[in-house]
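For reference, the structure discussed in these notes is given below.
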Amino acid sequence: MFIITLQEKIESLYASKCGNNKLFLLNSIVSLRFKEGTSLSDHLNEFQGILDQMSTMGIEFEDDILGLLLLNSLPES
1 MFIITLQEKI ESLYASKCGN NKLFLLNSIV SLRFKEGTSL SDHLNEFQGI LDQMSTMGIE
61 FEDDILGLLL LNSLPES
C-alpha cells in the first residue's frame with residue numbers, strides 16, 4: 001500500500017522545484033519591504049517564511065547575504 005504523508009503531498013502540490021517558483025521566491029525575498037503599521041515580529045515571520053520555502057526548494061544563502069537581505073527589507077530610518 002502506498003502512503004503519502006501530508007508533508008509530501010503539500011510539497012508535491014506547492015513546492016515544485018520548477019524555475020518559475022524559484023524565481024518567484026527570489027523576487028519575493030529581494031523585494032520584501034517592511035510595511036508600516038505591522039510589527040517587526042510579523043515582518044520577521046514573513047521573511048523567515050520565504051526563506052523556509054526557498055530552503056525546501058534547495059535554495060540556501062550564506063549568513064552575510066541573509067543579513068543584507070533583511071537589512072534591505074527594513075526602512076532607512
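Residue 33 in UniProt numbering sits at position 33 of the sequence shown, and the numbers go up by one each step.
Even glycine gets a Cβ: it sits at the ideal position worked out from N, Cα and C.
The beta carbon of S28 lies closer than 6 Å to those of I50 in the same chain, with the five residues before and after it left out. Note that the C-beta distance between L23 and M54 is not below 9 Å.
Rounded to the nearest whole angstrom, the C-alpha separation of R33 and N72 is 8 Å. Nearest in C-alpha terms to G67, of all of D52, S39, T38, F47, is F47. The beta carbon of L70 lies closer than 7 Å to those of F47 in the same chain, with the five residues before and after it left out.
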